[in-house]
Amino acid sequence: MKKLLFAFVALLAVTTIVTAMPEGNPRSPPVVGADKCTWGPSYWCQNLQTAQECQAVKHCTEKHWT
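Numbering-wise, the sequence shown is residues -20 to -1, 1 to 46 according to mature numbering (1 follows the signal peptide of the UniProt record, and there is no 0).
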């Protein structure tokens, strides 16, 4: 009886995990690093265009382009 109960609980756990996995879900979290502006100052401050795209002109002017 214990083995049957254990097997049932294991099956239930696996089924729950599989159904909860966001496979192809449009609301799934974004991929880390997909947005280049998350790459940090080495990317933002390459030039004025990237600084503007990442809204980091002030930071680059004050910290990196002196």
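We put the beta carbon where it would ideally sit given N, CA and C, even for glycine.
W19 is not a Cβ neighbour of C40, given a cutoff of 8 Å. Separation of the CB atoms of E42 and C17 is rounded to 18 Å, and the pair is thereby denied contact status at 8 Å. Inter-residue distance for K38 and V11 is about 27 Å (C-alpha atoms, whole angstroms). Separation of A31 and D15 (C-alpha to C-alpha, rounded to the nearest whole angstrom) is 14 Å.
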